[in-house]
Amino acid sequence: MALRPFPPASLRLTRLPLPPRPRPWPRPMCQAPVRRFHLNPVFMPPLYFVGLLAALWVWKCTMMVVFQNKIIYTPGLPPNARRETIADYESQCYGIRWREERIRAADNTKLALCVAEVRAGADRELLPEASTGARRIPVYILYFQGNASSIPPRLPDLSSVLRVLRDHDKSAEYAYTMVCLSYRGYWTSSGRASERGINKDAEAALRWIADRSEQELEQCSVPPVLIFWGQSVGSGFATNLAVSRNFPSTLRLDSIILETPFLSIKEMLGAVYPGKWIPYRYLWPFLRNHLDSWKNMGTLAERSSAAKVPPPRIFILEAGRDELVPPSHAESIYGRCVEVSLPVEKAVVHNAYHNEAMIRAEGKRAVTRAIETHVAEALRRRQEVSSGDDGSA
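Quick note on our numbering: the sequence shown kicks off at 6 and runs consecutively.
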């Protein structure tokens with residue numbers, strides 16, 4: 006019997022070692038079963054509705070913050086506002102001649118001004134150098150419009166005020182110059198409207214007045230009387246300019262006329278959206294526009310006291326049926342002026358809506374009377390100061 010040879014070692018089957026068994030201790034902790042959220046299908050439609058409503062609120066709040074300048078400033082309303090001209094309203098201006106002036110703001114933005122000049126007195130038709138008396142005292146009225154439309158549609162109402170100022174007091178020796186500022190983005194001015202930008206526009210218009218007044222001082226020794234007149238949003242810019250650090254040293258503010266003013270943009274949010282559960286009133290921390298006349302009144306009083314000069318007189322014209330600004334705003338501004346010792350007066354145009362205060366004859370008479378009173382008071386105070394200086398000398 007033949008013996009079969011053993012296979013070589015390379016062909017022998019070897020048993021691979023098994024991996025080590027896990028230690029019996031400590032045993033792994035048992036994992037809790039995963040709980041999945043389950044909602045009854047009946048509740049799905051209300052849940053979608055609430056989620057959609059919340060998303061719309063967040064979206065609208067975001068849009069209001071991002072596009073707040075577009076919401077506050079509407080130079081394109083009505084649609085033809087930027088195409089209107091002075092000539093379109095010339096026949097309604099009671100013979101007052103308006104002209105357009107071009108200036109530039111500090112950031113080189115091109116701006117438009119509407120300017121009219123009238124001379125009060127018996128010989129108002131004569132040229133200043135042909136007048137037998139002394140040269141007329143210059144009075145400048147810087148006008149700030151509201152947030153919509155442009156300057157030309159406002160010229161007839163402003164012209165009626167100038168006509169009364171020209172014809173009312175034959176003994177007055179005043180040369181009235183009304184300067185209406187067209188904000189950036191409005192009418193023929195370039196740029197885009199914002200509070201910071203329009204503040205620069207107001208400073209540029211005031212510099213234009215300062216340059217003219219310096220030329221007039223060579224012929225008239227009496228410094229000009231300066232009046233700011235703001236309507237609605239323009240009231241905020243009037244008070245902003247009154248406390249501006251760039252106020253020309255050659256000018257002194259004598260009066261501020263606030264037509265249908267509001268306290269601030271923050272307070273207007275609460276007035277436009279009074280509901281407690283409406284989120285828009287709580288967006289004030291994100292405002293880039295403030296127009297805080299309440300704060301400006303306090304600053305104006307502090308600076309007047311620090312400079313030891315008489316503060317400007319404040320005149321508030323309120324619309325009796327204002328549908329936009331609550332009557333409490335005019336009352337609060339009046340109370341603020343009394344609190345900080347600013348001389349203040351207030352008149353109400355009964356049955357007038359927000360944009361009708363100057364359309365009504367009652368409003369025109371109130372503003373005209375305020376201008377005449379404030380001009381006379383400003384000149385009286387300056388005479389007292391000059392006589393006091395002469396006495397001390």
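Glycine residues also receive a C-beta, built at the ideal position from the N, C-alpha and C atoms.
Need the endpoints of the beta strand (DSSP E) that residue i sits in, please.
i	result
cysteine 185	179 to 187
isoleucine 108	103 to 109
cysteine 119	115 to 124
alanine 352	349 to 354
glutamate 260	Residue identity differs from the one stated: residue 260 is serine in this sequence, not glutamate. Unbroken beta strand (DSSP E) run through serine 260: 258 to 264.
isoleucine 270	Segment 270 to 277 is the alpha helix (DSSP H) holding isoleucine 270; no beta strand (DSSP E) there.
isoleucine 214	Element bounds for isoleucine 214: not the beta strand (DSSP E) but the alpha helix (DSSP H), 200 to 222.
Could you check whether residue j and residue i sit closer than 9 Å to each other, using their CB atoms as the reference points?
i	j	result
glutamate 328	histidine 359	yes
isoleucine 376	isoleucine 232	yes
alanine 210	leucine 268	no
serine 310	proline 316	yes
leucine 167	alanine 121	yes
tyrosine 188	proline 284	no
leucine 263	serine 249	no
serine 298	proline 266	yes
alanine 215	leucine 256	yes
leucine 274	valine 70	no
leucine 82	leucine 186	no
proline 143	tyrosine 99	no
alanine 153	alanine 243	no
isoleucine 261	tryptophan 234	yes
proline 348	isoleucine 319	yes
proline 253	arginine 201	no
alanine 276	proline 331	yes
Around the C-beta of residue i, are 16 or more other C-beta atoms found within 10 angstroms, so that it is buried, or is it exposed?
i	result
glycine 138	Its pLDDT being 43, under 50, glycine 138 is placed unreliably in this model, and the coordinates cannot settle the point.
glutamine 150	buried
leucine 132	Bear in mind that a pLDDT of 41 at leucine 132, under 50, signals an unreliable position, so the model cannot answer this.
alanine 135	Below a pLDDT of 50, predicted positions are generally treated as unreliable, and alanine 135, at 39, falls in that range; no measurement from the model is reported.
valine 380	buried
aspartate 259	buried
leucine 58	exposed
lysine 369	buried
tyrosine 78	buried
valine 47	exposed
glutamate 2	Nothing can be reported for residue 2, as the shown portion of the chain is limited to 6 through 398.
leucine 23	exposed
asparagine 301	buried
glycine 280	exposed
glycine 56	exposed
Where do the N-terminal and C-terminal ends of the alpha helix (DSSP H) with residue i fall, by residue?
i	result
glutamine 236	Run containing glutamine 236: none in the alpha helix (DSSP H); it sits in the beta strand (DSSP E), 230 to 236.
tyrosine 145	Here tyrosine 145 belongs to no alpha helix (DSSP H); instead the beta strand (DSSP E) covers 142 to 149.
glutamate 328	Per DSSP, glutamate 328 belongs to no alpha helix (DSSP H) and is neither H nor E.
leucine 160	160 to 172
isoleucine 76	73 to 77
glutamate 307	298 to 312
Rounded to whole angstroms, how far is the Cβ of residue i from the Cβ of residue j, which I believe are closer than 8 Å?
i	j	result
glutamate 361	alanine 324	6 Å
aspartate 93	lysine 205	Incorrect: roughly 28 Å between the Cβ atoms, too far for contact.
leucine 116	serine 194	5 Å
tyrosine 191	serine 155	6 Å
proline 157	glutamate 89	4 Å
alanine 125	arginine 171	5 Å
Would you verify that the beta carbon of residue i is, or is not, closer than 9 Å to some beta carbon of chain D?
i	result
leucine 222	As a matter of chain content, chain D is missing from the structure shown, which is built from one protein chain.
Open item on the list: For the pair the stretch 344 to 358 and the stretch 291 to 299, tell me if three or more CB-CB distances fall below 8 Å.
Closed with: no
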